[in-house]
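Here the structure comes first, spelled out in structure tokens, and everything after it is commentary.
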Ligand SMILES: CC(C)(COP(=O)(O)OP(=O)(O)OC[C@H]1O[C@@H](n2cnc3c(N)ncnc32)[C@H](O)[C@@H]1OP(=O)(O)O)[C@@H](O)C(=O)NCCC(=O)NCCS
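In the numbering used here, the protein residues as written are 4 to 218.
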């Protein structure tokens, strides 16, 4: 189907996955190699802020060819079911607002982590909340997720506010579970959770019968 990508390389993974999600203001979609320049602009603008929270940006010198390779790699990982990163765009605009994704998927147990970042200057409009709300719904309804986690530093106030805004429950704080790449300090990790109790029929039913999502 036009709105789906063919996957199914990992045990327990659906054979087809919608590659786009539409919300009131946003389009979320599977990365493409031609997104490289937009990703590059967003990273140049945001890398300093992101490096406090993400290992992959710490000390990184952002180069155009690396950004293009990252977009391509993100697409490959999406198709392979290793990580479903969605690039976020405001409807009608080619400007990349940020990224929200389903990471560390365990397709057999239907477990996913959600992570997100916004380009500097795009905070404070509710875009991340809108994107993560849509991803949460997507994971439960389209991927038959049973457990979703959002992990962040408890001192990262905007990041920790988001799951609480969406009704995720703070399940635990993992003491000194992450090392800050800038300072070298060991930091706590807050684990926010949403679970769905599935019926036996749902648990054994097919999740392949997706109706396509609008791009
Ligand atoms: C985490 C991060 C995405 C949060 O950004 P954010 O802009 O605060 O989040 P949202 O886009 O959901 O916006 C929420 C804010 O917009 C406001 N807002 C404005 N219009 C809104 C709308 N229509 N709907 C919802 N909120 C709206 C909210 O009141 C809130 O502001 P407040 O915190 O002052 O109350 C951003 O800080 C970031 O990229 N951080 C670096 C990466 C990171 O730490 N990621 C987390 C690790 S998983």
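No residue lacks a Cβ here, since even glycine has one placed at the ideal position from N, Cα and C.
Residue 166 beta carbon near ligand 1 (any heavy atom closer than 6 Å): no
What's the C-alpha gap between residue 35 and residue 75? 6 Å
Closest by CA to residue 41, which one among 197, 72, 26 and 151? 72
If you reduce the DSSP assignment to three classes, tell me which class residue 192 lands in. strand
How about residue 2: is its Cβ closer than 6 Å to a heavy atom in ligand 1? Any question about residue 2 goes unanswered here, given that the chain covers just 4 to 218.
Determine which residues share a DSSP beta bridge with residue 30 and list them. 25 and 92
Beta strand (DSSP E) runs contained entirely in the stretch 38 to 116, provided each spans 3 or more residues: 87 to 93 and 99 to 109
Consider the C-beta atom of residue 126 and the heavy atoms of ligand 1; say whether any pair is separated by less than 6 Å. For ligand 1, at least one heavy atom lies less than 6 Å from the Cβ of residue 126.
Within 10 angstroms of its Cβ, does residue 176 collect 16 or more other Cβ (buried), or is it exposed? exposed
Cβ separation of residue 151 and residue 115, assumed to be a contact under 8 Å, to the nearest whole Å: 6 Å
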